[in-house]
Amino acid sequence: MINKWSALLVLAFLSPVIGIFFGAAELSPTELYQCFVADCATPVNTLIFWEIRLPRVLVGFLVGAGLAVAGATLQNITRNGLADPYLFGVVSGAGLGASIATLLFDSQIGETLNLFGMLPNVSFSLALPVAAFLGAAFAVTLVQALAATSFGGRGENMLLAGVAVSFMLSALSHFLLFLGDPFAANKVIFWLMGSLARVEMWYAWIMLPVVMGSVMLLLLFGRRLDALLLGDENAKTLGVNVTAIRLMALAICAALTACIVAYCGGIGFVGLLIPHIVRRWVGVTSRALIMGCVLVGGSFMVLVDIVARSALSEQEIPIGIITSAIGSVFFLLALRQRQT
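For the record, in the sequence shown the residue sitting at position 177 is 178 according to the numbering used here, with numbers rising by one throughout.
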């Protein structure tokens with residue numbers, strides 16, 4: 002087990018280092034090392050290293066770690082291997098918020114409302130993540146309310162409530178995008194695909210306490226989360242308040258995913274794919290699974306982002322397209338192995 006954790010730590014260290022070497026501009030290893038330990042040779046190198054590559058690597062690692070941890074926790078508390086943050090309406094809620102922000106701040110409707118002083122004086126680049134976060138929070142609150150009042154708070158019913166809310170909010174988002182300006186709608190569509198192309202260092206400073214705080218709380222309640230794997234009745238006999246711990250874990254995962262989606266868009270399948278890989282490596286107990294997902298999920302996102310930047314010479318592929326393609330192939334193979 003020690004060797005396994007050592008390998009994961011080495012992977013988590015090497016992947017960001019490798020990620021810094023890739024980009025549109027060519028920088029030699031000597032120039033990158035100089036930027037890291039001292040001052041860069043030129044102002045251009047300073048811009049590339051400190052404002053483009055390093056923030057992108059750090060944010061990418063946090064995004065991958067956060068999505069993987071959220072997916073692993075949801076799969077454990079619902080005892081459903083197909084549970085994923087996006088099936089709980091988080092991305093659909095964020096998309097709805099982004100669509101509303103598009104209509105209000107980046108369209109003719111928004112210009113009309115501004116003439117009457119009905120909107121705050123904020124830019125679209127700030128309004129988009131804020132509205133996305135509020136939309137994601139609304140979606141999760143709605144799922145929690147439905148699961149607690151109409152579906153009895155059971156894990157499998159929570160998943161069904163999340164799917165229903167996801168489809169409903171997606172329909173509203175598409176309708177609003179249809180009403181909006183085509184150019185503004187294209188911005189939201191590209192954002193919903195998921196991308197790290199426009200990240201800044203302050204993204205990392207916002208995501209870091211959210212990711213670290215969520216991980217620490219889930220580790221603190223690790224034994225109670227493990228009890229849920231035994232079934233609700235068995236967990237109750239062990240003194241666990243099943244409804245409270247499940248709702249708490251769902252709220253943590255929702256806040257974690259909403260923060261990520263608000264700044265980086267919809268990056269799918271990470272929370273579905275990584276926990277299955279980590280379970281085969283370190284086991285199913287919550288604390289080991291969460292720590293493994295932090296290391297593997299973060300490394301996976303950094304490496305996939307390298308592919309997104311390097312696959313095409315003149316443009317960048319939205320990272321959500323690559324993760325969805327990898328995740329779909331993985332689960333087709335897993336389904337085939339289960340049938341044989």
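Using N, Cα and C, we set each Cβ at its ideal position, and we do this for glycine too.
As the structure is a computational prediction, the values presented were derived from the model and not from experiment.
- When the five nearest sequence neighbours on each side are left out, the beta carbons in the same chain lying within less than 6 Å of the beta carbon of S215 are those of I253, L257, in order along the chain.
- By the C-beta density criterion, D85 is buried, having at least 16 other C-beta atoms within 10 angstroms.
- Only residues of its own chain outside the window of five on either side were considered, and among them V92, L193, G195, G321 have a CB closer than 6 Å to the CB of G267, listed in chain order.
- By a beta-carbon distance limit of 8 Å, G24 does not contact G61. Their separation comes to about 13 Å.
- For N81 against L160, the beta-carbon gap comes to about 6 Å, under 8 Å, which counts as contact.
- Apart from sequence neighbours up to five positions away, the residues of its chain that approach D227 with a beta-carbon distance below 7 Å are T286, S287, ordered along the chain.
- Nearest in C-alpha terms to S300, of all of G284, F89, V279, R225, is V279.
- Taking each of T238, V297, A26, L127 in turn and checking the Cα distance to C265, the smallest one comes out for L127.
- In this structure G72 is in contact with I275, their Cβ atoms being roughly 7 Å apart against a cut-off of 8 Å.
- Counting C-beta atoms within 10 angstroms of its own C-beta, A26 has fewer than 16 neighbours from the protein chains shown and is therefore classed as exposed.
- According to the DSSP assignment, G67 belongs to the alpha helix (DSSP H) that extends over 55-79.
- If only complete runs of 4 or more residues are kept, the stretch 171-233 shows the alpha helix (DSSP H) at 183-194, 202-221, 223-229, in order along the chain.
- DSSP places N46 within a helical segment (H, G or I) once states are collapsed to three.
- Of L220, V38, N46, V271, the smallest CA-CA separation from L28 is found for N46.
- Closest by C-alpha distance to G65, out of F184, V164, P17, is P17.
- Around L209, the same chain offers L63 as residues with beta carbons nearer than 7 Å, after the five sequence neighbours per side are excluded.
- The three-state secondary structure of L104, taken from DSSP, is helix.
- Taken in chain order, the complete alpha helix (DSSP H) segments of 4 or more residues contained in the stretch 229-265 are 233-238, 243-265.
- From the listed residues W282, P183, F134, I327, the smallest Cα separation to N4 is found for W282.
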